[in-house]
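A short worksheet on the structure shown next.
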Amino acid sequence: MIATEHKATIKGGEFLIKETAASQVFIPEEFSEEQQMIAATCREFLEREIWPRLDEIDHAKSPELIASLMDKAGELGLLGTSVPEEFGGFGMNFNTSMLVTEVTGAGHSFSVALSAHTGIGTLPIVYYGNEEQKAKYLPKLASGEWKAAYCLTEPDSGSDANSAKTRARLSEDGKHYMLNGQKMWITNGGFADLFIVFAKIDDGSGQVDKNLSAFLVEKDFGGITMNEPEHKMGIKGSDTRQLFFNDCKVPVENLLSTRGNGFKIAVNILNVGRVKLGVAAVGGAKKVITNAVQYANERRQFGTLISSFGAIKHKLAEMAVKVYACETACYRAGQNIDDLIESLKASGMSDADAKLKALEQFAIECAMMKVHGSEVLDYVVDEGVQVYGGMGYSADAPMDRAYRDARINRIFEGTNEINRMLTVDMILKRTMKGELDLMGPAMAVAKEIMSIPDFNAEEEEVLFAAEKKVLRNLKKAVLMVAGAAVQKFMMKLSEEQEVLMNLADMVIETYVAESVLLRVEKLISARGESAVALQKDLALTYMHGAVEKVNNAGRAAITSFAEGDELRVMLMGLKRFTKIEPINLKEIRRRIADAMIAENKYSFERN
Numbered sequence: 072m073i074a075t076e077h078k079a080t081i082k083g084g085e086f087l088i089k090e091t092a093a094s095q096v097f098i099p100e101e102f103s104e105e106q107q108m109i110a111a112t113c114r115e116f117l118e119r120e121i122w123p124r125l126d127e128i129d130h131a132k133s134p135e136l137i138a139s140l141m142d143k144a145g146e147l148g149l150l151g152t153s154v155p156e157e158f159g160g161f162g163m164n165f166n167t168s169m170l171v172t173e174v175t176g177a178g179h180s181f182s183v184a185l186s187a188h189t190g191i192g193t194l195p196i197v198y199y200g201n202e203e204q205k206a207k208y209l210p211k212l213a214s215g216e217w218k219a220a221y222c223l224t225e226p227d228s229g230s231d232a233n234s235a236k237t238r239a240r241l242s243e244d245g246k247h248y249m250l251n252g253q254k255m256w257i258t259n260g261g262f263a264d265l266f267i268v269f270a271k272i273d274d275g276s277g278q279v280d281k282n283l284s285a286f287l288v289e290k291d292f293g294g295i296t297m298n299e300p301e302h303k304m305g306i307k308g309s310d311t312r313q314l315f316f317n318d319c320k321v322p323v324e325n326l327l328s329t330r331g332n333g334f335k336i337a338v339n340i341l342n343v344g345r346v347k348l349g350v351a352a353v354g355g356a357k358k359v360i361t362n363a364v365q366y367a368n369e370r371r372q373f374g375t376l377i378s379s380f381g382a383i384k385h386k387l388a389e390m391a392v393k394v395y396a397c398e399t400a401c402y403r404a405g406q407n408i409d410d411l412i413e414s415l416k417a418s419g420m421s422d423a424d425a426k427l428k429a430l431e432q433f434a435i436e437c438a439m440m441k442v443h444g445s446e447v448l449d450y451v452v453d454e455g456v457q458v459y460g461g462m463g464y465s466a467d468a469p470m471d472r473a474y475r476d477a478r479i480n481r482i483f484e485g486t487n488e489i490n491r492m493l494t495v496d497m498i499l500k501r502t503m504k505g506e507l508d509l510m511g512p513a514m515a516v517a518k519e520i521m522s523i524p525d526f527n528a529e530e531e532e533v534l535f536a537a538e539k540k541v542l543r544n545l546k547k548a549v550l551m552v553a554g555a556a557v558q559k560f561m562m563k564l565s566e567e568q569e570v571l572m573n574l575a576d577m578v579i580e581t582y583v584a585e586s587v588l589l590r591v592e593k594l595i596s597a598r599g600e601s602a603v604a605l606q607k608d609l610a611l612t613y614m615h616g617a618v619e620k621v622n623n624a625g626r627a628a629i630t631s632f633a634e635g636d637e638l639r640v641m642l643m644g645l646k647r648f649t650k651i652e653p654i655n656l657k658e659i660r661r662r663i664a665d666a667m668i669a670e671n672k673y674s675f676e677r678n
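The sequence shown begins at 72 in this note's numbering and counts up by one.
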């Protein structure tokens, strides 16, 4: 058993300027027996109800099939994981709900419907609803008696959500809001009983609120019409519609939270959606890897199994490396949120307020995990198609659906471009507010690159001493480039989107590399190095790739705004901060691949 000493000792984004001890992070091997049983229940549900019916789900002519499967999930309690016990749910902590999301993430279109209901469809009421609203709606949502949908996006407001045109006008008797407008890309729209609708309140005199408000809209309120389901590239079984509200009468008591608080609700709920999308991608990717390994162990070319070919082993190993690292980082972020929730509640904050504050504090990590998870899944499905070769392009093989279904994740919950810019923007805003001391360390790094390196410094004789030095240097590389960019562009940095995205890539890779190294360090401390030799291989392989990515992103950023002596000095500093001792990655990848080939599956599950 691995000791669980982790506590929320850092704030969101502080990993850039503070070192984290392995004992302070949660790793997936620490899930309790009860949590593992919940995961097993989810997996059995997929095996029994979802995977045998994927074609039927994708080609269903009506949303009734998905709705009926949601009913079955409700009977197992899978819809109430985050709903408090007093309202018919299980009141599980955040990382347990993440675990459910990961496992069910391998459910293709069904997982989209499930996540939309349990996340963005239910959590606004959990976090922002008053006691009457919670008592009225949460028991029905937790059981599956009612299904939920989240209505934010409009034809002219995607990433710019606060520009929505849907309006809510108070009736003359003051008892209802008359809702008018159009929403699009609404998941579960065709069978939802309850809609979380965002609109701006019009007071009737031509004055319209600057910010959105949120409303709980029952299907039976009337005035709701919808188009036929959208024809999509992937997730074809997910019911996605345009909805129209035409004088839909919403009782005033169905205003969620307070007037004008809708945009804040949307942003905070998106934080949940983002980190859970990242971990759902991990679940989907593990299933793809298992399929690829099994096919490689069956397919013969030139008289031998293709799983014996070095090129195939490279692909399988690299897929596993990325997924193992992403899983680690997702649950690290999830536990940071859980620990802060408990800390805030212990200080007297209410449960709902503590959850909102914790999610807001780790919004940076949520955005990063959304980007990383969706792009890891895209990498895995693309390589999965390649392992299958010609069969990978056939609609009769599983990679066709996996490839198409994965693509939406880089768009869901804010595009990856938006989330990259948000990552850096949130870090810089916290710096400007004095919540995060970024510029002090950045100035120290700027001085360091002008000094002569200490080539005689002795390495500490501790586990991963050299790798920890690499991580410290990666953080210095981020600080150097970020500090120089801030000084160069000042308040106009937000206009330099290419630089922001380069910086985000540097931050993301540093965070994930640190996370996976800390996981393996903690495992070695508990079990001994020989017992987790392959996990060490996974971590070191990821680190080498992360160093290269940080170097490439840093170089792209530096060369876009520096010139002359400044350019030469910064490139010299970048080179210094992105060094890592070379190792035989070919042999390491072969060991990783051979382990999966022997077990005929993705073989690095938590245990």
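For glycine and all other residues, C-beta sits at the position ideal for the given N, C-alpha and C.
Opening and closing residue of the beta strand (DSSP E) in which residue i lies
| i | result |
| --- | --- |
| I257 | H247 to T258 |
| L415 | Element bounds for L415: not the beta strand (DSSP E) but the alpha helix (DSSP H), G381 to A417. |
| Y673 | Premise fails: Y673 is in no beta strand (DSSP E) and is neither H nor E. |
| F286 | S284 to E289 |
| A219 | A219 to C222 |
DSSP-derived helix/strand/coil call for residue i
| i | result |
| --- | --- |
| L265 | strand |
| Y582 | helix |
| T311 | strand |
| E569 | helix |
| N298 | coil |
| P322 | strand |
| R240 | strand |
| V279 | strand |
| L376 | strand |
| K593 | helix |
| K271 | strand |
| F161 | coil |
| L327 | strand |
| R491 | helix |
| F316 | strand |
| S153 | coil |
| S601 | helix |
Candidates the options: closest to residue i by CA position
| i | options | result |
| --- | --- | --- |
| I435 | E105, G344 and S276 | G344 |
| G355 | K426, E585, D476 and E90 | D476 |
| V640 | R661, A666 and I520 | I520 |
| M390 | P123, G625, V174 and A610 | A610 |
| K218 | N325, S139 and E538 | S139 |
| S228 | Y459, W256, A351 and M510 | W256 |
| A732 | R238, I383 and T172 | The chain is shown from 72 up to 678; residue 732 falls before or after that span and cannot be answered. |
| I73 | E592, R124, P653 and K650 | E592 |
| D142 | S168, A263, R598 and I191 | A263 |
| V353 | A628, G505 and N480 | N480 |
| L117 | F483, T175, R312 and R501 | T175 |
| L571 | G461, G625 and S586 | G625 |
| I340 | Y221, E580 and F97 | Y221 |
| M667 | E619, Q606 and F286 | Q606 |
| P653 | L327, Y613 and E101 | Y613 |
| R318 | E454, A628, F675 and N251 | The amino acid occupying residue 318 in the given sequence is Asp; Arg does not appear at that position. Closest by alpha carbon: N251. |
CB of residue i within 7 Å of CB of residue j, strictly
| i | j | result |
| --- | --- | --- |
| L150 | A213 | yes |
| I412 | A425 | yes |
| I498 | G84 | yes |
| L209 | I196 | yes |
| K271 | R238 | yes |
| E585 | V621 | no |
| V183 | S309 | yes |
| A187 | T112 | no |
Residue range of the alpha helix (DSSP H) that includes residue i
| i | result |
| --- | --- |
| Y198 | L194 to Y199 |
| P469 | P469 to A477 |
| L212 | E202 to S214 |
| Q95 | Here Q95 belongs to no alpha helix (DSSP H), and DSSP marks it neither H nor E. |
| E338 | Note that residue 338 is Val in the sequence shown, not Glu. First-last of the alpha helix (DSSP H) with V338: G333 to A367. |
| F181 | S180 to S186 |
Notebook entry, point to check: Is the region 666–675 close to the region 544–559, with three or more CB pairs under 8 Å?
Noted result: no
Notebook entry, point to check: Counting Cβ pairs closer than 8 Å, one from the region 319–334 and one from the region 234–250, do we hit at least three?
Noted result: yes
Next item on the list: Count the CB pairs spanning the region 534–543 and the region 567–580 that are closer than 8 Å, and state whether there are at least three.
Entry: no
Notebook entry, point to check: Taking contact to mean at least 3 C-beta pairs separated by less than 8 Å, is the region 359–373 in contact with the region 387–401?
Noted result: yes
Notebook entry, point to check: Do the region 366–373 and the region 298–314 make contact, defined as three or more Cβ pairs closer than 8 Å?
Noted result: no
Next item on the list: Pair every Cβ in the region 413–420 with every Cβ in the region 442–462, then say whether three or more of these pairs are closer than 8 Å.
Entry: no
Check: Is the number of C-beta pairs between the region 346–355 and the region 273–287 that are closer than 8 Å three or more?
Finding: no
Next item on the list: Would you check if there are 3 or more beta carbon pairs closer than 8 Å linking the region 150–167 to the region 330–337?
Entry: They do not touch, by the three-pair rule.
Margin query: Between the region 587–601 and the region 86–106, can you find at least three pairs of beta-carbon atoms closer than 8 Å?
Written below: Touching, yes, given that three or more Cβ pairs across the two stretches are closer than 8 Å.
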